[in-house]
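For reference, the structure discussed in these notes is given below.
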Amino acid sequence: MEELVLSERSLVKDNLRNWQGRKEWFFNREHTDTYELWYEGRYKRAEIWQKKIMGRLVKSDSRIQTLLEFGCGTGRFTRWWQEIGIEAAGGDISPFMLGQAVHLFGGNLVWADSHHMPFKDHTFDSLAFITTFEYYRDPVTVIREAARVGKYGIAFGMMNRNSPKVVRRRVQEAFGKNPFYVTATFYTPAMLTEKIHEALKGREYTITWQATGLPSWFPVQEWHVPVGDFFGLFVNFIDVD
447 MEELVLSERS LVKDNLRNWQ GRKEWFFNRE HTDTYELWYE GRYKRAEIWQ KKIMGRLVKS
507 DSRIQTLLEF GCGTGRFTRW WQEIGIEAAG GDISPFMLGQ AVHLFGGNLV WADSHHMPFK
567 DHTFDSLAFI TTFEYYRDPV TVIREAARVG KYGIAFGMMN RNSPKVVRRR VQEAFGKNPF
627 YVTATFYTPA MLTEKIHEAL KGREYTITWQ ATGLPSWFPV QEWHVPVGDF FGLFVNFIDV
687 D
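Positions 447 to 687 (the numbering used here) are the ones given, in order, by the sequence shown.
So, in structure tokens, the structure goes:
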């Protein structure tokens, strides 16, 4: 797969300011240009625990050597997959995000819609969605596409509906603040599992999940209880030759 050299100017068209019939924050340079700074500031501690969980889930299957992260943004997690020994590529619908990723990530990137992935069946060992699945209006279609392109599994890193921060975000939105989650659908592990079962009916797989994003004073920082700011969930296919 040849590496794609991206030009923001050539990719940004007027009709791409909206996606899925609605405006999205990741088509706004005011927000995308500062995306990396979020993780270097107040979200640094959260990122550490998110990566611990996601790494453990994906690495639990030794067959997974290659991975495509869709909604990769600036390549924050995509770079990290490489660091833990998984050959990763990234895909995103936002040319502004990819315009940064091409300078920060040395691997392959593709500009595409996750509902219609431009790859042959089983191109990668696994697919991954890190805090991006919440923005899909047709999650069942995306899961089916991920199962087609990813041979052994699908990894989800999700903002948890069972978090006090969800209430805070909705209050902020009501006062015209915090535009990042206006179009987001927050899931619990059970809600996401229901979507997975709908999308993958007839297939054989296992599901493993773990939650984190707990206060620093809490005695544990990850647990198998559906409460916390973030949860990781891994669908592992067992019906693959």
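Ideal Cβ positions, reconstructed from N, Cα and C, are used throughout, including at glycine.
Residue i (DSSP reduced to helix, strand or coil)
i       : result
Leu-679 : strand
Leu-646 : coil
Gln-511 : coil
Met-604 : strand
Gln-656 : strand
Ala-592 : helix
Trp-471 : Its pLDDT being 46, under 50, Trp-471 is placed unreliably in this model, and the value from its coordinates should be taken loosely. Helix, per DSSP.
Expected contact under 8 Å - CB spacing of residue i and residue j to nearest Å
i       : j       : result
Pro-672 : Ala-636 : 7 Å
Gly-501 : Ile-530 : 5 Å
Phe-632 : Leu-503 : Their Cβ separation, rounded to whole angstroms, is 20 Å, which puts Phe-632 and Leu-503 out of contact at 8 Å.
Best match in the options for proximity to residue i [C-alpha to C-alpha]
i       : options                            : result
Leu-638 : Glu-533, Glu-580, Ala-574, Tyr-598 : Glu-580
Arg-594 : Pro-564, Pro-665, Glu-668          : Pro-564
Ala-558 : Asp-567, Met-543, Gly-545, Ile-539 : Ile-539
His-549 : Ile-642, His-568, Gly-519, Trp-663 : Gly-519
Ser-609 : Arg-583, Gly-659, Ile-653          : Gly-659
Gln-528 : Lys-497, Leu-544, Met-543, Phe-542 : Lys-497
Glu-640 : Ile-499, Ile-494, Ile-589          : Ile-589
Limits of the alpha helix (DSSP H) - the one that residue i falls within
i       : result
Leu-442 : The chain is shown from 447 up to 687; residue 442 falls before or after that span and cannot be answered.
Lys-545 : Here the sequence assigns Gly to residue 545, which means Lys is not the residue at that position. Gly-545 -> alpha helix (DSSP H) spans 541–550.
C-beta contact flag for residue i and residue j at 7 Å
i       : j       : result
Leu-573 : Leu-514 : yes
Val-650 : Asp-685 : Sequence inspection shows Glu at residue 650; the Val mentioned does not correspond to that position. Yes. Within cutoff.
Ala-645 : Val-586 : yes
Gly-603 : Thr-577 : yes
Arg-522 : Tyr-598 : no
Phe-570 : Phe-516 : no
Trp-655 : Phe-683 : no
Boundaries (first-last residue) of the beta strand (DSSP E) holding residue i
i       : result
Glu-533 : 533–538
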